[in-house]
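Order-wise, the sequence lines are chains U and H.
Residues in the first sequence are numbered consecutively from 1, following this note's numbering.
Residues in the second sequence are numbered consecutively from 204, following this note's numbering.
Glycine included, each C-beta is placed from N, C-alpha and C at the ideal position.
There are 2 protein chains.
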Amino acid sequence: MKKSNSHYHHGHLAESLLDAVDEIATQFGIEAVTLRGCAKRIGVSPASAFRHYADKRSLLTVFATRALNQLADSMEASMLKAQESGEDALQAVCMAYVHFALTKPAFFRAMWREEMIYSGDPDYLAATQRLAGYLQEGFLKTIADEDPCDFSPQELLAWSTVHGLACLFVDGPVAQEKSTEERMGLAKTVLTQLTPVFTQQRS
Amino acid sequence: MKKSNSHYHHGHLAESLLDAVDEIATQFGIEAVTLRGCAKRIGVSPASAFRHYADKRSLLTVFATRALNQLADSMEASMLKAQESGEDALQAVCMAYVHFALTKPAFFRAMWREEMIYSGDPDYLAATQRLAGYLQEGFLKTIADEDPCDFSPQELLAWSTVHGLACLFVDGPVAQEKSTEERMGLAKTVLTQLTPVFTQQRS
DNA sequence: GTTCATATGTTAACACTGTTAACTTACAAT
DNA sequence: ATTGTAAGTTAACAGTGTTAACATATGAAC
Numbered sequence: 001m002k003k004s005n006s007h008y009h010h011g012h013l014a015e016s017l018l019d020a021v022d023e024i025a026t027q028f029g030i031e032a033v034t035l036r037g038c039a040k041r042i043g044v045s046p047a048s049a050f051r052h053y054a055d056k057r058s059l060l061t062v063f064a065t066r067a068l069n070q071l072a073d074s075m076e077a078s079m080l081k082a083q084e085s086g087e088d089a090l091q092a093v094c095m096a097y098v099h100f101a102l103t104k105p106a107f108f109r110a111m112w113r114e115e116m117i118y119s120g121d122p123d124y125l126a127a128t129q130r131l132a133g134y135l136q137e138g139f140l141k142t143i144a145d146e147d148p149c150d151f152s153p154q155e156l157l158a159w160s161t162v163h164g165l166a167c168l169f170v171d172g173p174v175a176q177e178k179s180t181e182e183r184m185g186l187a188k189t190v191l192t193q194l195t196p197v198f199t200q201q202r203s
Numbered sequence: 204m205k206k207s208n209s210h211y212h213h214g215h216l217a218e219s220l221l222d223a224v225d226e227i228a229t230q231f232g233i234e235a236v237t238l239r240g241c242a243k244r245i246g247v248s249p250a251s252a253f254r255h256y257a258d259k260r261s262l263l264t265v266f267a268t269r270a271l272n273q274l275a276d277s278m279e280a281s282m283l284k285a286q287e288s289g290e291d292a293l294q295a296v297c298m299a300y301v302h303f304a305l306t307k308p309a310f311f312r313a314m315w316r317e318e319m320i321y322s323g324d325p326d327y328l329a330a331t332q333r334l335a336g337y338l339q340e341g342f343l344k345t346i347a348d349e350d351p352c353d354f355s356p357q358e359l360l361a362w363s364t365v366h367g368l369a370c371l372f373v374d375g376p377v378a379q380e381k382s383t384e385e386r387m388g389l390a391k392t393v394l395t396q397l398t399p400v401f402t403q404q405r406s
């Protein structure tokens with residue numbers, strides 16, 4: 001955090017650019033994010049971004065990865081809290097997923113826009129796997145050392161339902177006029193229906 | 204279908220532009236669709252599109268609406284076929300949903316990219332409601348004349364699951380290396396788990 | 001059939017985008 | 001102190017959506 005008075009070298013440009021993407025995406029949506037806009041917001045020349053990111057898509061990939069880890073953090077916290085108080089951990093994790101999508105829609109979109117990012121990037125893939133890991137907790141692992149990209153039908157059902165719900169809320173025509181609280185309640189009702197399917201084989 | 208030899212007036216530019224979007228999106232993805240590219244493919248000047256569409260977003264809105272109706276057509280056909288042969292109609296409709304996403308990923312994406320279209324457009328909204336209608340068939344309607352945007356928990360569970368599955372296949376890290384057939388099989392396994400939830404209250 | 005309003009196309013320009021090449025500055029190791 | 005390198009700048013490029021001003025073909029009224 002050392003500050004030069006010359007201001008020629010910014011010093012934290014890579015991270016500052018991510019913050020700029022954050023702010024612009026939050027205010028105007030992920031489609032409005034522009035390299036030149038980010039640079040201008042930081043007070044730096046348009047071309048400077050290319051010293052730190054190969055292209056715009058790389059920047060958005062890192063941003064998406066960052067957003068995935070933020071979501072995973074939030075899911076982890078919810079899980080731990082639920083485990084302490086003896087609540088349904090899977091339910092808590094799912095609700096955290098939906099809550100993130102509702103409160104940070106631009107971030108949630110950025111995570112899954114396949115054509116805007118390099119979805120084969122190792123860090124990105126690792127972040128998606130970390131996220132999926134919290135949804136897999138609470139399920140019996142039948143096979144050890146399995147491919148982390150391979151999901152049991154129960155796990156995939158859980159992820160599909162919560163992901164679909166989040167997507168329909170964010171980009172779809174479902175409950176558009178409703179408040180965040182109302183939609184969270186609706187999500188709870190929907191997810192509760194799944195408990196009979198899971199309670200049979202829960203660990 | 205009358206053809207002028209002067210070639211000054213194209214005649215079917217509005218529809219031809221939609222076809223161009225179709226072809227470019229299929230080949231290179233929805234992000235690669237460009238007004239100038241569409242115009243060039245048709246052999247028309249870049250500015251001509253604006254006589255038929257207010258802006259690019261309007262064109263993509265009509266394209267998304269068209270794609271939604273194609274999906275709804277496919278779902279309707281699957282439903283009728285299943286009803287004739289006595290199969291599970293809801294299952295058939297869900298499988299048609301996933302199949303469309305897998306075979307026409309660019310179209311499926313275009314339907315739900317909120318920032319690329321005018322999602323408040325009446326025709327677009329009508330198409331989404333038509334689509335949702337096929338998922339609602341087979342469920343008991345408890346309240347008559349209800350808002351078509353309002354879904355029962357069961358209906359929303361069905362839509363969320365199938366939509367999430369489709370999205371995770373198309374944009375997510377799930378089963379990326381698997382073939383379409385394998386993924387359809389996986390989808391069936393996931394969706395079958397929902398039958399106990401629905402059979403209680405099916406009509 | 002000629003006239004003419006209108007729908008539908010063209011051309012040329014605008015500001016803005018991502019990206020690159022050539023250049024400049026500051027820092028850090030010798 | 002010198003100097004190599006990391007990190008910034010400027011100026012240009014082609015490509016984008018969009019608009020204004022202009023051109024042409026169509027079809028209805030006379």
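Legend entry - Every unbroken alpha helix (DSSP H) inside the stretch 328-388 of chain H [4 residues or more]: 356-374
Inset, instruction - Alpha carbon to alpha carbon, how far is S85(U) from M184(U)? Give it in angstroms, no decimals. - result: 20 Å
Legend entry - Minimum Cβ-Cβ distance from D171(U) to chain H less than 8 Å: yes
Inset, instruction - Would you mind sorting F169(U) into buried or exposed? The rule is 16 or more other CB atoms within 10 Å of its CB. - result: buried
Inset, instruction - Flag F407(H) as yes if its beta-carbon sits less than 8 Å from any beta-carbon of chain U, otherwise no. - result: With chain H running from 204 to 406 in the structure shown, residue 407(H) is simply not present.
Legend entry - R109(U) burial status per 10 Å Cβ neighbour count (16 or more: buried): buried
Legend entry - Helix, strand or coil at T195(U) [DSSP, three-state]: helix
Legend entry - Pair within 8 Å by beta-carbon distance, S363(H) and L165(U): yes
Legend entry - L274(H), buried or exposed, once every other Cβ within 10 Å from all chains shown has been counted against 16: buried
Legend entry - Reduced DSSP secondary structure (H/G/I, E/B, other) of G240(H): helix
Inset, instruction - Helix, strand or coil for D88(U), going by three-state DSSP, please let me know. - result: coil
Legend entry - Inter-residue CB distance, E137(U) and M79(U) (contact presumed, cutoff 8 Å): 7 Å
Legend entry - Boundaries (first-last residue) of the alpha helix (DSSP H) holding E226(H): L216 to F231
Legend entry - Helix, strand or coil at A257(H) according to DSSP, with G and I counted as helix: coil
Inset, instruction - Inspect the beta-carbon positions of R113(U) and I30(U) and report whether they are closer than 8 Å. - result: yes
Inset, instruction - Kindly confirm or deny that the stretch 216-225 of chain H and the stretch 246-264 of chain H touch, where touching means at least three C-beta pairs closer than 8 Å. - result: yes
Legend entry - Residue closest to Y337(H), alpha-carbon to alpha-carbon, out of L394(H), A235(H) and Y300(H): Y300(H)
Inset, instruction - Output yes or no for whether 8 Å exceeds the beta carbon distance between Q396(H) and V197(U). - result: yes
Inset, instruction - Name the two residues that bound the continuous alpha helix (DSSP H) containing P46(U). - result: Run containing P46(U): none; DSSP gives neither H nor E here.
Inset, instruction - Taking M314(H) as part of the alpha helix (DSSP H), name the residues at either end of that continuous run. - result: P308 to W315
Inset, instruction - Verify the CB distance criterion: does G232(H) have a CB-CB separation below 8 Å to chain U? - result: yes
Legend entry - Closest by C-alpha distance to E380(H), when choosing among D150(U), R51(U), D88(U) and S16(U): D150(U)
Legend entry - Beta-carbon separation (whole angstroms), A49(U) vs A64(U), contact threshold 8 Å: About 16 Å separates the two Cβ atoms, so there is no contact after all.
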